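Everything in the sequence shown is counted per our numbering, starting at 74 for the first residue and increasing by one. From the three backbone atoms N, C-alpha and C, an ideal C-beta is built for every residue, glycine too. Bear in mind that the values here come from a model prediction, so they are computed numbers and not experimental data. Scroll down for the structure; my scribbles are underneath it.
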Amino acid sequence: MTRGQVSAAVDPLGWRLVLGAIYTHVGAVSLAAAANAATIAVAAAGHDGDGHLSADVQTGGVLLRLQSCATGDVTEHDVHLAHRISGALAENALRTEAGPVALQAIEIAIDALDIAAVRPFWQAVTGYADEPAPPDLPDTALVDPLRRGPTIWFQQMDAPRPQRNRIHLDVDVAPEHAQSRIAAALAAGGVLLDDSRAPAFWVLADPEGNEACICTWQGRD
Numbered sequence: 074m075t076r077g078q079v080s081a082a083v084d085p086l087g088w089r090l091v092l093g094a095i096y097t098h099v100g101a102v103s104l105a106a107a108a109n110a111a112t113i114a115v116a117a118a119g120h121d122g123d124g125h126l127s128a129d130v131q132t133g134g135v136l137l138r139l140q141s142c143a144t145g146d147v148t149e150h151d152v153h154l155a156h157r158i159s160g161a162l163a164e165n166a167l168r169t170e171a172g173p174v175a176l177q178a179i180e181i182a183i184d185a186l187d188i189a190a191v192r193p194f195w196q197a198v199t200g201y202a203d204e205p206a207p208p209d210l211p212d213t214a215l216v217d218p219l220r221r222g223p224t225i226w227f228q229q230m231d232a233p234r235p236q237r238n239r240i241h242l243d244v245d246v247a248p249e250h251a252q253s254r255i256a257a258a259l260a261a262g263g264v265l266l267d268d269s270r271a272p273a274f275w276v277l278a279d280p281e282g283n284e285a286c287i288c289t290w291q292g293r294d
């Protein structure tokens, strides 16, 4: 499925496509209520959820995530699971929503002249795994095996750039939140450096020139 097809299929259910996975949030008034919502979701997925569904249970609710661990991408199977899970939760008067705050995923991008030389160091210090990376990133990206930490990817440099920061953050958000996030960054003293690849990403910088990108799935299919 293309990114656009995935988004069209799950957005009406309250799920959002962010960096190769689909997410939704189910609000709760207690940890026990959040755990109950997670239990309903897991039961709805059944064994079909193995290798696809994860749940982050907190007092304010549960964050559900669907992605094929085998491919690092969203498949038709994940979309079907989203429909099943949302339906089961609705039967219990629970709603899947985009969340009280914007759903997001963080990437760390490292500029390198010799990616093959620096990648083993970063894999060693993070303990990250050789697992399929999200489709928006190069195959050399490193993925947290627990899917909790940011993905690390390496950007090829053609010449040393000692005066420029060589590590920057990519913040992946749902498309409807990109402009508000950019506006907040600008209001906080940032500057917009490049929007030529929008809506795939916008390059911003802090007052000292350190860069970050606001990214969405759009403009990549």
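- Task: Figure out for me which residue from Val191, Ala251, Gly93, Arg221 has the closest Cα to the Cα of alanine 143.
- Result: Gly93
- Does the distance from the CB of valine 115 to the CB of leucine 126 come in under 8 Å? yes
- Given a cut-off of 8 Å, decide if leucine 90 and valine 79 are closer than it, judged by their beta-carbon atoms. yes
- Query: In terms of residue numbering, what span does the alpha helix (DSSP H) encompassing alanine 245 cover?
  - Reply: Reading off the sequence shown, one finds aspartate at residue 245, where the question assumed alanine. Where aspartate 245 is concerned, there is no enclosing alpha helix (DSSP H), although the beta strand (DSSP E) it sits in stretches over 240–246.
- Separation of alanine 257 from glutamine 228, as counted between CA atoms: 26 Å
- Closest by C-alpha distance to histidine 120, when choosing among Ile240, Arg157, Gly200: Arg157
- Could you spell out the range, first to last residue, of the alpha helix (DSSP H) harbouring valine 115? Under the DSSP assignment, valine 115 falls in the alpha helix (DSSP H) whose first and last residues are 104–118.
- Query: On the three-pair Cβ rule with 8 Å, is the region 179–187 touching the region 240–251?
  - Reply: yes
- Item | Cβ neighbours of valine 276 in the same chain (closer than 7 Å, five flanking residues each side left out) | Leu266, Asp267, Glu284, Cys286
- Can you tell me which of Ala273, Asp203, Gly172, Gly134 puts its alpha carbon nearest to the alpha carbon of aspartate 245? Ala273
- Item | Any non-hydrogen atom of the ligand SAH within 7 Å of proline 193 CB | Here there are no bound small molecules, and the ligand SAH is not part of this structure.
- Item | Cβ neighbour criterion (16 or more within 10 Å) applied to proline 223 | buried
- Item | 8 Å Cβ shell around arginine 254 - same chain, five flanking residues per side excluded | Ala175, Val244, Val246, Ile287
- Message: How far does the alpha helix (DSSP H) with arginine 138 in it extend, from its first residue to its last?
- Response: Here arginine 138 belongs to no alpha helix (DSSP H); instead the beta strand (DSSP E) covers 134–139.
- When you compare only the Cα positions, how much space is there between leucine 186 and tryptophan 226? So the two alpha carbons sit approximately 13 Å from each other.
- Where does valine 152 fall in DSSP's three states? helix
- Message: Assuming the contact rule is C-beta atoms closer than 8 Å, threonine 169 and tryptophan 88 should be a hit. Round their C-beta distance to whole Å, please.
- Response: 6 Å
- Look at alanine 161 and valine 130 and say whether their C-beta atoms are less than 8 Å apart. In terms of Cβ geometry, alanine 161 and valine 130 do not form a close pair [threshold 8 Å].
- Item | Nonlocal neighbours in the same chain, by C-beta distance under 7 Å from glycine 263, ignoring five residues either side | Leu277, Ala278, Asp279
- Item | DSSP-derived helix/strand/coil call for threonine 75 | coil
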